[in-house]
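The opening position of the sequence shown corresponds to residue -6 in this note's numbering, with each subsequent residue numbered one higher.
All C-beta atoms, glycine included, are put in the ideal place defined by N, C-alpha and C.
Please read these numbers as outputs of a predicted model, since none were measured by experiment.
Please read the structure below before turning to the comments.
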Amino acid sequence: MKTALRRKILFVFVASSLFFSKAFSQETQLVAPELFSEEEVQPNYHYEYIPDFTYDQVKERVEKMDTEMSFELNDRIFSFIQYFTVRNRDYTKMILARKDLF
């Protein structure tokens, strides 16, 4: 009785693996190839990467900003930039996720 049950289970497993190997293989054609294009591939950003930057690098980037109002970088503003980019990243992620809402 046990050997018959084992044979049935083995047969079902082998038959299903042969059937599903074609369905889940990566060599098959895309179902809707018009929905995918090479130009629309989005990069995979590593959001948990914490940047390492110096005061001079931030100053250089601030000088390149094209804004109507003046922006002066000092130690206090640099410490805020460092706080929101390094130590309080979760809050910054939440604000950036809601930027289109406001």
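Taking C-alpha positions only, residue 2 is separated from residue 43 by approximately 51 Å. The beta carbon of residue 74 lies closer than 7 Å to those of 51 in the same chain, with the five residues before and after it left out. A straight line joining the alpha-carbon of residue 49 with that of residue 67 spans about 11 Å. Residues of the same chain with their beta carbon placed closer than 7 Å to that of residue -5 are lacking, with the five preceding and five following residues left out of the count. In terms of Cβ geometry, residue 85 and residue 77 form a close pair [threshold 8 Å]. In the DSSP annotation of this structure, the continuous segment of the alpha helix (DSSP H) that includes residue 69 starts and ends at 68 to 75. The C-alpha of residue 88 is placed about 16 Å away from the C-alpha of residue 41.
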